[in-house]
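Structure below.
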């Protein structure tokens, strides 16, 4: 994947002619904003990456205008470089624009569009889960295109202490609740507890520093995953994860893109529920 700090290459000497149709008569109408939104609307599930020439064709705007709009949207974090030269794609930040419109929906349905967008973007599986004893039960699951798909679905359970989605949940617990949980786990599996406690301690330090967990091959030898958690209404804790085969989702991408996107989504969901 192209690094997110790559710059959009534009031909030298190009200038924004400001064309692209007659200006509206309404003086309250901000033409530049409307054009920027028009650029964002060009992207869809079947057109996840677009070049500036294609955007110019779809919007009817002059190419110099498109170059400047795309550069601005990229600088503001709404577009990212794609896989090829002059290719662009939407960034997870765009998802934040729709969160308020989804506020009246049930939690799992609120999260689903954003989760599916992440799954599609990263060729990953995105899951939402909450605790069920010493397991995490999936309450939402969105699958993107991937060479390796785990047989997990809504209702599937994952080990609480041996999965990124479970570890993120533990990190989000209060200290008192976490201590009580640890006593329960230790009582059930005392011989293996010291090693498990050390792994959890490392993960919790990572969570405290970054706000999310990164797990490379811990749950499944071929799967890399990031996870974050949040407190919802009623005292419930939910975790979100995004994982894919290591060859599709590197540790660097998890730390720089996937983890921060999960953290933003977690905060948005927590603020609404």
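Residue numbers (full-length UniProt numbering): 1 to 273. We put the beta carbon where it would ideally sit given N, CA and C, even for glycine.
- Pairing residue 69 with residue 39 gives a Cβ-Cβ distance under 7 Å.
- Segment contact: the segment 220-228 against the segment 255-270, three or more CB-CB distances shorter than 8 Å; contact assigned.
- Burial is judged here by how many other beta carbons sit within 10 angstroms of a residue's own beta carbon; residue 259 has at least 16 and is buried.
- For residue 235, the closest C-alpha among the options 204, 174, 265 is that of 174.
- Taking C-beta separations shorter than 8 Å and ignoring five residues to either side along the sequence, the partners of residue 63 in its chain run 14, 52, 53, 56, following chain order.
- Of the other Cβ atoms in all chains shown, fewer than 16 fall within 10 Å of the Cβ of residue 31; this residue is therefore exposed.
- Listed as beta-bridge partners of residue 141 by DSSP are 127.
- Pairing residue 263 with residue 212 gives a Cβ-Cβ distance under 7 Å.
- One thing to note: residue 140 has its Cβ within 7 Å of the Cβ of residue 111.
- Along the length of the UniProt domain "HTH iclR-type" (30-92), whole alpha helix (DSSP H) runs at least 4 residues long occupy 31-41, 52-59, 63-75, reported in chain order.
- Between the segment 125-136 and the segment 239-249, the count of Cβ pairs shorter than 8 Å is three or higher; the stretches touch.
- Within the same chain, 91, 93 come within 8 Å of residue 77 by CB-CB distance, once the 5 residues on both sides are set aside.
- Assigned with DSSP and collapsed to three states, residue 227 falls in strand.
- The bridge partners DSSP lists for residue 238 are 230.
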